[in-house]
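Peer 1: Take this structure, written in C-alpha cells, and hold onto it; I'll ask about it next.
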Amino acid sequence: MKADIVNILRINLSDGKVSGSSRDSSFRKQFIGGRGINSKLLFDETGPDVKPLSEENKLIFGTGALSGTKSPASARFTVSAKSPLTGILGDANAGGNFGPELRKSGCDHLIIEGKSDHPVYIFINNGKVEIRDASKLWGKNTRETETLIRKELGDDRVRIACIGQAGENLVRFGSVMHEERAAARTGMGAVMGSKKLKAVAVRGTNEVEIADAKKFNLLKRDLHKKASETKLAKTIGKYGGTMGTPITDRIGIIALKNFNQTSGFENVQNFDPEKIVEKFYTGNKSCYACPIHCGHKFEIKEGPYKGEWGNKIEEGVVTPFGPTCYNSDIASIFKINNMVNQYGMDSLEAGGLIAVAIDLFQNGVITEKDTDGLILDWGKPEILMKLIDKIAFRQDIGDILAEGALPAAKKIGHGAEKYISHSKGMTFGGIDLRIMKGLALCLATATRGCDHLRGGVPTETVGGLGRYTPEMALKMFGTTEVLDHKSYVKAVVAIRMQHIAAITDSLEICRFASESNGGGLTIDDQTELFNVITGFNLSLDEILEAGERIFNIERLYINREGIRRTDDRLIGKWVDGPVPSGPFKGEIIDEQKWEGMLDDYYTRRNWDVKTGIPTRSKLESLGLTSEAEWLNRIGK
C-alpha cells in the first residue's frame, strides 16, 4: 500500500454493508492523516442535525501518515465523532499497536456508521471484514474483552480497541481502550456503545510502501536517537506518568481540592517518583516503534490492593484522583487506574467530576440523601472508588454524574454550576490556569473543549519550566513578553503551537517525542519524515499551513454547532476569584486583558473578531472554498 494514498473503509452496522474507497495524494497533502483527515471526514458527514448518540453519528478511526513505518514514536491513532459530552467536535487519541496494525491491514481511516440491533464486534484481517456477535462480551470490562476476543480468534497478535461497561451504559465520557492505552477525551466510548459496537479487532501483515526506503532507514535511525535523548524522554522513560505532582506542587501551580487550594499538597512526598519506581514498577512497556517506552508495568505487592497489576499509569489518572481529590494514597491511585481503564471512562473527566461532587457535598449543595448515604470528603480513596462504580453502572448519583459535569450541575441545581471549571462543557484539572495566561488561551480556544493537548505555550517561564531563552523568543516571536507568565501577549505563540499540535496528531506522533511538548522531534524533523515516506516535497511553511487548515476546519465545525467568541473563555473558579494560596496567591485572569488577547488571537488568525468565525478570505486561502459556503447561511 502506497503511503501517499488514503484508503478509507466504511462499515454500516445497520445493514452490514462494507465498502472501500481511496483519496489521492492531494488529500494527504491537505489534511495529512490521523486527526486531520478524521476532522475533514467528520465535517463532511455530520452536520448540526446529527445527535451524538444517534445512529446518524459517524465513528471514525484514523491512522497517521507515518503509521506502520517504524518511524519513531508514530504508534498513535485518533478516534473521532460528534461528542456526546460537549455536543461539538469530539476526538480522542491513544498509543499502543492498534494504529499501525489497522494501517497494515490496508485501512488508513475506518468509518463506522449506523447501529447494530445487538452487540457486535468488527474483525478486520488484512482488509477482510467480519461483523461478529458480541453478546457474550457485553458486560465485560476492557481487559476481559481483549482476552476473550484473542481466544475466540485464536490469535494473540490481534490488536483490539474496545469499550467497557461505561461505554455500554452511555457514560458521556466513556473511553475507547487498547492494551491499557486510553483514547479517553470527549466520550468516544459512549458513541461506540450507542452503536452496540463492543470492539474493533485488527490484524495486518501488509507493508507500507515508503517512497525513499534507503533515506528513510538512515533518517529513522538518527531520529530514534534524537527522540530518546531528550531530558523529557529519559525522565518519562524512567518514571512514566507519575512524576508531575511533586514538580507542580513545588513550583506552586498545582490545583488542589477542585481549585480551592493552589500548592501546599499535604503528603506530596508520597508522590516521589523514585519511591514509586522502587515500590510498584516491574518493567517497561513500549508502544510500536517507540524508543521512549513511557509505559511501566506495575504490581501492588502489599496492603488492601495487593495483587492489582497493570501495564501503564498516566499523569491523567494520578493528577485528577490524587491532588484534585486531595488523595495522597498512591496504591489507591494504581487501583483506581485499573478501575477507570477497565470500565472504560475518561480519568480526567471522572476525577474532575468527582472533585466537583465532593465540593458540592462539603458546601451543602448535595447531602447524604443525594449520594445514597455516602459522605463525600477530600482524601478518601474508598469514596472515589464507590463513585467510580456508581458512574460506570449509572447507579444513584452516578446516573446524574455520568451525564458530565455541566449537565449534572444543571440537574442538581442550587447554584451547582459555579463549582465547575470548564470550557465548552469539558473540564480540566491539575494546573491553576489563572497563573499561566497563554496556556489558558490555548485551552479556551481548543477545538474539542477545554484541552491541554490542542496546543500550549512553552515559552511561559514558571519555576524554570519555560523552554525558550530571551534570544530564542525574540527571534521566533518578535518579543520577550511571551516569556512572562503574567503577560497577555501570547496569541502569536498559541497559534503556532496549535498548528504544530495538529500536524503531530495527524502524523500520529507521540507528544513525548514532539517539540510541541518538549520532545526531540522538531516540526522540521516531522516534515522530513512525511516527505521521505510519501515522496512529497512539502516545505516547512506548507506543512504548517496544513496544520492551520486542520485547525480551521475544526473551528468551522464547532462554529457550525453554535460556538462563538463568547464560548472562548474559561468558566467557573478560574475566573470567579483570585488564586487562593501559594506563591501566586492573588493572581487573576483580568477580563479586559483577556478580551484584548482574544482580539489579537482572532486578528492574527483572520477570524471575525466579533464572532470568532473564520473569514471567507481565510478559508479560501487555505483551499476550504466549499466549506466556506456555510458562511452564506449565516449571512457572512
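Counting along the sequence shown from 1, when you hit position 411 you're at 584 in my numbering, and nothing is skipped either side. Ideal Cβ positions, reconstructed from N, Cα and C, are used throughout, including at glycine.
1. Report buried or exposed for Leu215, applying the criterion of at least 16 other Cβ atoms within 10 angstroms of its Cβ.
2. Taking the Cβ atom as the reference point for each residue, do Ala248 and Pro221 lie within a distance shorter than 8 Å?
3. Tell me which residues share the same chain as Asn810 and place their Cβ nearer than 6 Å to its Cβ, disregarding the 5 neighbours each side in the sequence.
4. Take every Cβ of the segment 758–766, pair it with every Cβ of the segment 707–721, and state whether three or more of those distances are shorter than 8 Å.
5. Which of the three DSSP states is assigned to Cys463 in this structure?
6. From Asp188 to Glu229, what does the alpha carbon distance come to, in whole angstroms?
7. Please say whether Val630 and Ala674 have beta carbons closer to each other than 8 Å?
8. What does Asn266 pair with, by DSSP beta-bridge criteria?
9. Going by the DSSP bridge assignment, what does Ile295 pair with across the sheet?
10. Arg777: buried (16+ other C-beta within 10 angstroms of its C-beta) or exposed?
11. By the three-class DSSP mapping on this structure, what secondary structure does Ile561 have?
12. Can you look up Met609 in the DSSP assignment and give me helix, strand or coil?
13. Determine the DSSP secondary structure at Glu382, reduced to helix, strand or coil.
14. Out of Glu793, Pro753 and Thr739, which has the shortest C-alpha to C-alpha gap to Trp162?
15. Who are the near neighbours of Ala462 in its chain, counting only those whose CB is closer than 7 Å to its CB and skipping five residues on each side?
16. Is it right to say Thr642 is buried, meaning 16 or more other beta carbons lie within 10 angstroms of its own, or is it exposed?
17. Return the first residue and the last residue of the alpha helix (DSSP H) that Phe494 is part of.
18. Please list, in chain order, all residues of the same chain as Leu343 whose beta carbon is under 7 Å from its beta carbon, the five residues on each side excluded.
19. Would Lys458 pass as a contact of Lys470 if the rule is Cβ separation under 8 Å?
20. Leaving aside the five residues before and after Leu889 along the sequence, list all residues of the same chain whose C-beta is less than 8 Å from its C-beta, in chain order.
21. When you compare the CB positions of Leu702 and Leu392, do they come within less than 8 Å of one another, or not?
22. Do you know how far the Cα of Gly207 is from the Cα of Leu680?
23. Please determine if the segment 434–452 and the segment 316–330 are in contact, where contact requires at least 3 C-beta pairs separated by less than 8 Å.
24. Three-state secondary structure (DSSP) at Asn433?
25. Can you tell me which of Val529, Leu526 and Tyr730 puts its alpha carbon nearest to the alpha carbon of Gly209?
26. Which same chain residues end up closer than 7 Å to Cys820 when comparing Cβ atoms and leaving out the 5 residues on each side of it in sequence?
27. By the DSSP assignment, the alpha helix (DSSP H) with Gly366 in it spans what residues?
28. Cβ atoms of Thr618 and Asp773: under 8 Å apart, would you say?
29. For a test of the three-state rule: what should DSSP assign to Leu574, helix, strand or coil?
30. Give the list of continuous alpha helix (DSSP H) stretches no shorter than 4 residues that lie fully inside the segment 729–804.
31. Should the segment 386–402 be regarded as contacting the segment 282–300, the criterion being three or more beta carbon pairs within less than 8 Å?
32. Give me the residue from Gly489, Ile548 and Asp422 with the minimum Cα distance to Glu439.
33. Determine the burial state of Gln671: buried for a count of at least 16 other Cβ atoms within 10 Å of its Cβ, exposed for fewer.
34. Hey, would you say Val490 sits closer than 8 Å to Val513, going by beta carbons?
35. Give me the Cβ distance between Asp328 and Arg376, rounded to the nearest whole Å; I'm assuming they're in contact under 8 Å.
36. Which residues in the same chain have their Cβ closer than 8 Å to the Cβ of Thr219, if we skip the five residues on either side of it in sequence?
Peer 2: By the coordinates alone:
1. Leu215 should be labelled buried.
2. In this structure, Pro221 does not lie closer than 8 Å to Ala248 by Cβ.
3. Given a span of 174 to 809 for the chain in the structure shown, any question on residue 810 remains unanswerable.
4. Counting Cβ pairs under 8 Å, fewer than three are found: no touch.
5. Assignment of Cys463 by DSSP, reduced to helix, strand and coil, places it in the coil class.
6. Taken atom to atom, the span from the alpha-carbon of Asp188 to that of Glu229 is near 13 Å.
7. Taking a C-beta distance under 8 Å as the contact criterion, Ala674 and Val630 do not qualify as a contact pair.
8. Thr251, per the DSSP bridge assignment.
9. Residue pairing for Ile295: DSSP places it in a beta bridge opposite Ile304 and Val373.
10. Exposed, because fewer than 16 other Cβ atoms sit within 10 Å of the Cβ of Arg777.
11. Note: Ile561 maps to helix in three-state DSSP.
12. Taken through DSSP and simplified to helix, strand or coil, Met609 comes out as coil.
13. In this structure, Glu382 counts as strand in the three-state DSSP scheme.
14. In the structure displayed, the chain extends from 174 to 809; residue 162 sits before or after that span and is not available.
15. Contacts found: Lys243, Ser244, Pro245, Ser247 and Ala248.
16. Taking all protein chains shown into account, Thr642 has fewer than 16 neighbouring C-beta atoms within 10 Å of its C-beta and is therefore exposed.
17. Going by DSSP, Phe494 is part of the alpha helix (DSSP H) stretching over Glu488 to Phe494.
18. Excluding residues within five positions, the ones whose Cβ falls inside 7 Å are Leu226, Ala363, Gly366 and Ser367.
19. The answer is yes: Cβ separation under 8 Å.
20. Residue numbering for the chain in the displayed model covers 174 to 809; residue 889 lies beyond these limits and cannot be assessed.
21. Going by C-beta atoms, Leu702 is nearer than 8 Å to Leu392.
22. It is roughly 6 Å from the alpha-carbon of Leu680 to the alpha-carbon of Gly207.
23. The segment 434–452 makes no contact with the segment 316–330, as fewer than three CB pairs between them are under 8 Å.
24. Here DSSP, grouped into helix, strand and coil, assigns Asn433 to coil.
25. Closest option to Gly209, Cα to Cα, is Tyr730.
26. There is no way to answer for residue 820, as the model of the chain reaches only from 174 to 809.
27. First-last of the alpha helix (DSSP H) with Gly366: Met361 to Ser367.
28. No, Cβ-Cβ distance for Asp773 and Thr618 is not below 8 Å.
29. Looking at Leu574 - three-state DSSP - the assignment turns out to be helix.
30. Taking only runs of at least 4 residues, the alpha helix (DSSP H) segments lying wholly in the segment 729–804 are 746–749, 764–778 and 789–794.
31. Touching, no.
32. The residue with the shortest Cα to Cα distance from Glu439 is Asp422.
33. With 16 or more neighbouring CB atoms inside 10 Å of its own CB, Gln671 falls in the buried class.
34. Less than 8 Å separates the beta-carbon of Val490 from that of Val513.
35. In this structure, Asp328 and Arg376 form a Cβ contact; the two beta carbons are roughly 6 Å apart against a cut-off of 8 Å.
36. If we look at Thr219 and ignore the five residues flanking it on each side, its Cβ neighbours are Glu229, Asn230, Lys231, Ala254 and Lys255.
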